[in-house]
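Novice:
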Amino acid sequence: MLSVIEVKEIAHLARLGIEDENVSAYADDLNGILMLMAQMSELNTDGVKAMAHPMDQVQRLRLDNVTENNQRDYFQTIAPQTEDGLYLVPKVIE
Amino acid sequence: MHNKTITELAQGLRAKEFSSVELTQHFLNRVNKHADLNAFITVTADLALQAAQLADVRIAKGEAGLLTGIPMAHKDIFCTQDVKTTCGSKMLDNFIAPYNATVVDKLNAVGVVNLGKLNMDEFAMGSSNETSFYGTVKNPWNKNAVAGGSSGGSAAAVAAKLAVCVTGTDTGGSIRQPAAFCGVSGIKPTYGRVSRFGMIAYASSLDQGGSMARSAEDCAILLQSMAGFDAKDSTSVDTPVPDYCVDLNKPLTGLKIGLPKEFFTSDLNADMAATLQTAIEEYKKLGAEFKEVSMPNLKYAIPAYYVIASAECSSNLSRYDGVRFGYRCENPADLNDLYTRSRGEAFGKEVKRRILMGTYALSSGYYDAYYLKAQQVRRLISEDFKNVLSEVDVIFSPVTPTPAFNIGEKTANPIEMYLADIYTIAINLAGLPAISIPAGFINEMPVGLQLIGNYFDEARLLNVAHVYQNTTDWHKQSPT
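Chains B and F are the protein sequences, given in the same order. Letter by letter, the first sequence follows residues 89 to 182 of this note's numbering. Letter by letter, the second sequence follows residues 850 to 1329 of this note's numbering.
The following block contains the structure:
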């Protein structure tokens, strides 16, 4: 069972703000979902290979050539804050 | 005009009975008239009329295909260049996509008219369209009922005849369930059949785009122009696309249909069982043979799905950080505050729930117990399907346990909402194609039947659906 403190830790790992008054509701929801997920333990999966792609296709590779044009200015028109082609964030290093 | 099929409209356009501009204006009028359904997030009227003018030129020059000049709309999960693309989220309320999804490009190339962007559950996480930042879509058959989700706007738009055909996406049933709830047809193709490039990711190993329309034939026509290999999608499968229309009328004599005994239990709602039985009898008349089949691992599909989908969602949605695009909180104190508050303020409750669940499932010490276990369960479920599809041509099943439920009825309990996806989720885990078509009514609300096929057997599913629609008229019923 996940405690309220653990839910806060998970939220921190996900960098996800959750209002204090809602943490226990999330804990209840997640514990319910974990109980649902626990049903999988009934099934013996020893030696079963994990399935990541329906056709077991592996990641396709291509030659390491430049294929895209530089569209930085265009892409930055939708950015929250930019300056001189850079994305601005609050100061990280004092 | 709004009652015609794609083929009929294409003939009308060529015969100059009406122009694409007139047709487009007619549908735009309908979109406005039925704005209360909340099916659209963004209506692109000016762009649509410009596209219609170009389509009319192509038609006049004799350079038109079946879809040229046909008014359709995209689920707001497909990026449309210079047009707002929200994915149903406050996070992307200010996002003007800087490029087109491959599906959008392909359909533009054949000259469709895009009327706008359709409402959906936030980041496609939901089964009722109630998680959308833009509000719930109403079911055209009963405005107190949900339209289903996550492609709820897509299904409602087709049912209310606000667009001839639409795109949708399906991660755990998001095309098939709303199609069933709104009495329309919708196909989720084989994983890898339709490019995911520019289709905003939720659970990348399960997400698949598809077509929705009022008939299997129209779904086939739209899918024909959506499907195909795309070098920009690394999970796209390089297999030729067959002609989805050429065998639509192929007789079903000798077709072997499997009935999974795990789906037809005493738990199945009696009205639903009776409706499906009527469809089974119809298929027998058409020459199909039914056989009971067993897929013992199906009952683990929901837990495995919610582990895999949540894990992939937590990873995919980590890109929304308030830095390069999307929502940014006011006056962040520091970088961590910027991330945490931007995400906290812009994601809705269901998205947060799944990010938390996925983050936990992928965290150190729990990975094997959840994600690895779920991927092993996924293989066992997939093998169940492979075994059955070596004995039968298609599998027949319900789409949903009940007709559309009322708005607000299941929002308090997320698990109850998850369990309603029991008949659709396993198909995404296996990556198989499946189609949902109207099969009747329960309490004056439409319900669907589902046909599941082998990998890349979309043409057969469309054929099996179309032949049924030739002798039934459930798909021709319209809400008043």
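Glycine included, each C-beta is placed from N, C-alpha and C at the ideal position.
Would you mind stating whether residue 139 of chain B and residue 1224 of chain F have Cβ atoms separated by less than 8 Å?
Specialist: Cβ atoms of residue 139 of chain B and residue 1224 of chain F: closer than 8 Å.
Novice: Using 8 Å as the threshold, is the C-beta distance between residue 1281 of chain F and residue 1264 of chain F below it?
Specialist: Their beta carbons are not under 8 Å apart, which means residue 1281 of chain F does not touch residue 1264 of chain F by this criterion.
Novice: Quick check: is the beta carbon of residue 89 of chain B nearer than 8 Å to any beta carbon in chain F?
Specialist: No, residue 89 of chain B lies away from the interface with chain F (no Cβ there is under 8 Å from its Cβ).
Novice: What residues from the segment 131-160 of chain B come within 8 Å of chain F, judged by C-beta to C-beta, listed N to C?
Specialist: Of all residues in the segment 131-160 of chain B, 131, 133, 136, 137, 138, 139, 140, 141, 142, 143, 145, 147, 148, 150 and 159 have a Cβ within less than 8 Å of some Cβ in chain F.
Novice: Thinking residue 1199 of chain F and residue 918 of chain F are a contact (beta carbons under 8 Å), I'd like their distance in whole angstroms, please.
Specialist: So it is not a contact: roughly 38 Å between Cβ atoms.
Novice: Are the C-beta of residue 117 of chain B and some C-beta of chain F separated by less than 8 Å?
Specialist: Yes, contact with chain F.
Novice: Along the chain, where does the alpha helix (DSSP H) containing residue 896 of chain F start, and where does it finish?
Specialist: Looking at the DSSP string, the run of the alpha helix (DSSP H) that includes residue 896 of chain F is 894-909.
Novice: Which residues in chain B have a C-beta closer than 9 Å to the C-beta of residue 1172 of chain F? List them in chain order.
Specialist: Under the 9 Å cutoff, chain B gives 167, 168, 169, 175, 176 and 177.
Novice: Going by DSSP, which residues form a beta bridge with residue 1107 of chain F?
Specialist: Per DSSP, F:1140 and F:1244.
Novice: Give the range of the alpha helix (DSSP H) segment to which residue 1206 of chain F is assigned.
Specialist: Looking at the DSSP string, the run of the alpha helix (DSSP H) that includes residue 1206 of chain F is 1198-1211.
Novice: Consider the Cβ of residue 181 of chain B: report whether some Cβ of chain F lies at a distance smaller than 8 Å.
Specialist: False, the Cβ-Cβ gap to chain F never drops below 8 Å.
Novice: Can residue 900 of chain F and residue 907 of chain F be called in contact, C-beta distance under 8 Å?
Specialist: Result no, Cβ atoms of residue 900 of chain F and residue 907 of chain F do not sit closer than 8 Å.
Novice: Please name the residue in F:888, F:1093 and F:858 whose C-alpha comes closest to that of residue 875 of chain F.
Specialist: Residue 875 of chain F has its Cα closest to that of F:858, out of F:888, F:1093 and F:858.
Novice: Would you kindly check if the distance between the Cβ of residue 1188 of chain F and the Cβ of residue 103 of chain B is under 8 Å?
Specialist: Yes, they are a contact pair.
Novice: Of the choices F:984, F:983 and F:1028, whose alpha-carbon is the least far from that of residue 990 of chain F?
Specialist: Checking every option, the nearest Cα to that of residue 990 of chain F belongs to F:1028.
Novice: If you count every other CB in all the chains shown that lies within 10 Å of the CB of residue 1055 of chain F, and 16 or more means buried, which is it?
Specialist: By the neighbour-count rule (16 or more Cβ atoms within 10 Å), residue 1055 of chain F is buried.
Novice: Cβ closer than 8 Å: which chain F residues qualify as neighbours of residue 95 of chain B?
Specialist: The contacting residues are 1205.
Novice: Rounded to a whole number of angstroms, what is the C-alpha to C-alpha distance between residue 1085 of chain F and residue 144 of chain B?
Specialist: If you take the alpha carbons of residue 1085 of chain F and residue 144 of chain B, they lie about 12 Å apart.
Novice: Where do the N-terminal and C-terminal ends of the alpha helix (DSSP H) with residue 1026 of chain F fall, by residue?
Specialist: From DSSP, the alpha helix (DSSP H) with residue 1026 of chain F extends over 1025-1031.
Novice: At 7 Å on the CB atoms, spell out the chain B contacts of residue 913 of chain F, in chain order.
Specialist: The premise fails here: residue 913 of chain F is roughly 32 Å from chain B at the closest Cβ pair, so nothing lies under 7 Å.
Novice: Measuring only between beta-carbons, confirm whether residue 1184 of chain F sits less than 8 Å from chain B.
Specialist: Cβ-Cβ to chain B under 8 Å: yes for residue 1184 of chain F.
Novice: For residue 101 of chain B, which three-state DSSP category applies?
Specialist: Helix at residue 101 of chain B.
Novice: For residue 1197 of chain F, count neighbouring C-beta atoms within 10 Å of its own C-beta (all shown protein chains included) and say buried if the count is 16 or more, exposed if not.
Specialist: By the neighbour-count rule (16 or more Cβ atoms within 10 Å), residue 1197 of chain F is buried.
Novice: To be precise: take each residue of the segment 1183-1202 of chain F, compare its Cβ to all Cβ atoms of chain B, and keep it if any distance is under 9 Å. Which residues remain?
Specialist: So the close ones are 1183, 1184, 1185, 1186, 1187, 1188, 1189, 1190, 1191, 1192, 1193, 1194, 1196, 1198, 1201 and 1202.
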